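Numbering (our numbering), first residue to last: 258 to 879.
All C-beta atoms, glycine included, are put in the ideal place defined by N, C-alpha and C.
This structure is a prediction, so every number in the text was calculated from the model and none was measured.
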């Protein structure tokens with residue numbers, strides 16, 4: 258969705274950055290500005306200033322600065338669009354959705370209202386369970402035996418769902434309310450005739466862990482039994498507000514600690530997160546009983562550039578780590594760090610720290626296995642490198658993993674390391690991978706990057722610049738200029754920041770899927786910065802414009818073009834031609850308008866003069 262710049266300006270004009278910052282930061286008046294302790298780094302004396310006249314915040318300690326939208330993004334981990342919507346809702350403004358029909362807008366508004374209502378219902382249940390915890394000596398004793406203090410239990414909002422099938426009936430007088438089932442709090446069984454049967458609480462006799470989104474809204478729960486009954490952990494089901502493949506337990510509570518520590522520790526369970534916070538590691542989060550996904554990794558990188566996955570050292574832990582590796586590969590750029598921490602099979606983080614101490618665990622974090630080493634270890638598992646067959650198997654296993662990495666120094670170094678293990682030259686291995694289609698789970702991300710792996714190894718040299726026409730002759734010709742421009746931007750997303758605002762508007766206003774795709778790309782780059790095609794492709798999954806993007810990039814060697822200056826010149830030439838075409842269309846409209854309004858002739862002359870100026874010196878892409 259592309260949000261008009263005019264609306265952004267109107268929103269910022271209405272927003273009071275002092276009020277927005279003041280929700281989470283205690284501010285004191287100091288001259289013309291307000292001062293407080295910076296929420297983005299640990300400090301004892303205030304260096305964080307907020308200007309009501311400039312509507313701007315700035316920290317003289319860490320350098321963070323921006324407007325109200327920037328603050329929401331930095332503080333909560335929201336995307337740009339999420340922050341705009343949140344701010345607009347606060348000030349009673351409707352975010353423009355020009356491309357949506359009135360029916361679609363009405364459905365979207367209804368969905369947002371439904372989500373808010375469900376969060377209110379969940380919050381009410383959570384408050385009731387927190388009260389129950391205080392009145393349950395058995396539940397309190399369980400938490401004490403696990404070494405948890407009342408302060409930590411309060412910080413995470415822990416509660417207790419009592420025994421009994423209809424405990425929530427005392428909280429919600431209308432126990433038959435459909436919202437209770439829709440929120441996952443109540444199970445409505447089906448009768449033999451298809452009608453609704455018995456209704457009963459989903460969570461009974463369990464310690465309750467509220468799950469919050471990045472805005473702090475309750476979206477679901479995890480419940481742990483007090484004994485050894487099965488299932489030990491029970492999560493909320495998938496609901497309109499909760500999807501376990503997208504959410505991380507403890508991220509809201511840990512967001513500031515993650516920034517302070519400089520990394521996030523990803524664990525396997527709720528209790529790990531709470532226990533680690535108790536023991537001095539408040540920067541921990543947990544997946545929700547599911548494998549770590551690319552969505553999880555992308556969300557984590559909003560808060561930090563360093564992720565450490567912590568797993569048990571047993572076979573199950575290794576399998577979980579392998580799935581986390583698949584999720585992390587597309588986002589492992591040269592400026593990010595991903596590590597894998599394997600504890601002894603008999604320990605989890607909680608037990609390890611209690612036995613060996615904080616310092617020992619901190620050393621484990623520091624000495625965790627880097628992504629590069631774990632990738633190679635995973636690829637060589639079961640391969641006898643003393644035989645040609647074993648080395649060939651290693652090469653086959655490594656190809657989809659290597660191909661999922663974004664292009665950069667890390668990827669090129671790994672090609673050399675893998676090549677040395679299989680006793681080939683890097684360029685030789687790259688050429689081999691280019692000739693053999695990839696297999697496996699990561700292959701879809703890897704096919705186009707590995708198709709030109711021969712250019713990425715030892716001995717690689719930049720190719721001499723070739724005229725655009727020559728390069729175009731060697732690959733499938735784009736159907737039209739919109740195709741060609743879109744393809745260039747998907748392959749070289751850093752070019753987006755090098756074109757003008759008018760050109761941005763021209764691209765986002767393209768009809769159909771092109772405009773939708775480029776509007777999405779603009780929002781993606783605004784939030785995450787330039788990204789390689791492999792990462793963009795993952796982020797596009799299930800997006801309406803995914804098919805167009807895949808079609809444009811399929812079988813193209815454009816992503817292998819290393820001369821970004823040449824790509825920029827090609828893009829600018831295309832955009833100039835597209836702008837000329839637009840001006841011609843506007844000239845025709847102005848001539849028609851002049852039949853009824855002679856004043857339109859002046860508009861026609863302006864358009865004509867600009868078109869002629871653009872046509873002078875335009876390059877030869879027709």
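* In chain order, what residues of the same chain lie with their CB nearer than 6 Å to the CB of residue 760, ignoring the 5 residues before and after it? -> Residues of the same chain with a CB within less than 6 Å of the CB of residue 760, apart from the 5 flanking positions on each side, are 832 in chain order.
* Leaving aside the five residues before and after residue 745 along the sequence, list all residues of the same chain whose C-beta is less than 8 Å from its C-beta, in chain order. => Counting only Cβ-Cβ distances below 8 Å, and skipping sequence neighbours, we find 752, 815, 824, 827, 828, 831.
* **Residue from 532, 790, 283 with nearest C-alpha to residue 408** => Cα-wise, what sits closest to residue 408 is 532.
* Asked: Is residue 782 near residue 775, with beta carbons less than 8 Å apart?
  -> Taking C-beta atoms as the reference points, residue 782 and residue 775 fail to come closer than 8 Å.
* Run the CB neighbour count on residue 800, radius 10 Å, all protein chains shown included, and call it buried at 16 or more, exposed below. => An exposed status is given to residue 800, since fewer than 16 other beta-carbon atoms sit within 10 Å of its beta-carbon.
* **Three or more C-beta pairs below 8 Å linking the region 262 to 276 and the region 322 to 332** => Result yes; three or more Cβ-Cβ pairs closer than 8 Å.
* List the endpoints of the continuous alpha helix (DSSP H) containing residue 900. => As shown, the chain starts at 258 and ends at 879. That puts residue 900 outside it, with no answer to give.
* Rounded Cβ spacing between residue 239 and residue 498 (contact assumed at less than 8 Å) -> An answer regarding residue 239 cannot be provided, because it is not within the stretch 258 to 879 covered by the chain.
* Limits of the unbroken beta strand (DSSP E) element including residue 618 -> For residue 618, no beta strand (DSSP E) encloses it; the enclosing alpha helix (DSSP H) starts and ends at 615 to 623.
* Asked: So what does residue 306 bridge to, in DSSP terms?
  -> For residue 306, which the question treats as bridged, DSSP gives the partners 292, 315.
* To do: Measure the alpha-carbon distance for residue 437 versus residue 418 and round it to whole angstroms.
  => Spanning the two alpha carbons is a distance of roughly 15 Å.
* Could you tell me the boundaries of the beta strand (DSSP E) in which residue 569 lies? => It spans 563 to 569 - the beta strand (DSSP E) in which residue 569 sits, taken as one unbroken run.
* Excluding sequence positions up to five away, which residues of its chain have a Cβ less than 8 Å from the Cβ of residue 644? -> Within its own chain, no residue has a Cβ closer than 8 Å to the Cβ of residue 644 once the five positions on either side in sequence are excluded.
* By Cβ distance below 6 Å, which residues in the same chain neighbour residue 700 in space, the five residues on each side in sequence not counted? -> Residue placement at residue 700 is flagged as unreliable, the pLDDT there being 40, under the threshold of 50; the coordinate-derived value follows with that caveat. The beta carbon of residue 700 is closer than 6 Å to those of 657 in its chain, skipping five residues each way along the sequence.
* So what does residue 489 bridge to, in DSSP terms? -> DSSP lists no partner for residue 489.
* Asked: Looking at C-alpha atoms only, which residue of 420, 263, 844 is the closest neighbour of residue 396?
  -> That would be 420, whose Cα lies nearest to the Cα of residue 396.
* To do: Within 10 angstroms of the Cβ of residue 307, are there 16 or more other Cβ atoms? Answer buried if so, exposed if not.
  => Residue 307 is buried by the Cβ-count criterion.
* Asked: Relative to the alpha-carbon of residue 593, which residue among 803, 286, 668 has its alpha-carbon at the smallest distance?
  -> Nearest in C-alpha terms to residue 593, of all of 803, 286, 668, is 668.
* Enclosing beta strand (DSSP E) for residue 544 [first to last residue] -> Here residue 544 belongs to no beta strand (DSSP E), and DSSP marks it neither H nor E.
* Tell me the DSSP bridge mates of residue 841? -> As computed with DSSP, residue 841 is found in no beta bridge at all.
* **Reduced DSSP category for residue 643 - H, G, I as helix; E, B as strand; rest coil** => Three-state DSSP puts residue 643 in coil, outside helix and strand.
* Apart from the five residues on each side of it in sequence, which residues of its chain come closer than 8 Å, Cβ to Cβ, to residue 284? -> So the list reads 275, 278, 291, 292, 293, 307, once near-sequence residues are dropped.
* Asked: Taking the C-alpha atoms as reference points, what is the distance between residue 313 and residue 555?
  -> If you take the alpha carbons of residue 313 and residue 555, they lie about 28 Å apart.
* Asked: Which of helix, strand or coil does DSSP assign to residue 765?
  -> Note: residue 765 maps to helix in three-state DSSP.
* To do: Look at the Cβ atom of residue 650, then the Cβ atom of residue 678, and state whether they are nearer than 8 Å.
  => Taking 8 Å as the Cβ cut-off, residue 650 and residue 678 do not qualify as a contacting pair.
* Answer yes or no: do residue 471 and residue 508 have a C-beta to C-beta separation smaller than 8 Å? => In this structure, residue 471 lies near residue 508, with their beta-carbon atoms less than 8 Å apart.
* To the nearest angstrom, how far is it from the Cα of residue 513 to the Cα of residue 686? -> Roughly 44 Å separates the two Cα atoms.
* To do: Classify residue 619 as buried or exposed, calling it buried when 16 or more other Cβ atoms lie within 10 Å of its own Cβ.
  => By the neighbour-count definition (other C-beta atoms within 10 Å, threshold 16), residue 619 is an exposed residue.
* To the nearest angstrom, how far is it from the Cα of residue 537 to the Cα of residue 334? -> Per the coordinates, the alpha-carbon of residue 537 lies some 23 Å from the alpha-carbon of residue 334.
* What's the C-alpha gap between residue 859 and residue 836? -> Straight-line Cα distance between these residues: approximately 20 Å.
* To do: Using the Cα positions of residue 568 and residue 587, report the straight-line distance between them to the nearest angstrom.
  => Put simply, the backbone Cα of residue 568 is about 21 Å away from that of residue 587.
* Take the Cβ of residue 501 as the centre, count every other Cβ of all protein chains shown within 10 Å, and call the residue buried at 16 or more, exposed below. => Burial call: buried.
* To do: Note down, in chain order, each residue of its chain lying with its Cβ closer than 6 Å to the Cβ of residue 632, except the 5 sequence neighbours on either side.
  => These residues qualify, in order along the chain: 658.
* Asked: Enumerated in chain order, which unbroken segments of the beta strand (DSSP E) with a length of 3 residues or greater are wholly contained in the region 346 to 430?
  -> Runs of beta strand (DSSP E) with 3 or more residues, each lying fully within the region 346 to 430, are found at 416 to 418, listed in chain order.
* To do: Could you tell me which residues DSSP pairs with residue 323 in its beta bridges?
  => Its beta-bridge partners are 314.
* Leaving out five residues on either side along the sequence, give the residues of the same chain with a beta carbon under 6 Å from the beta carbon of residue 515. => Result list for residue 515: 521, 540, 560, 561, in chain order.
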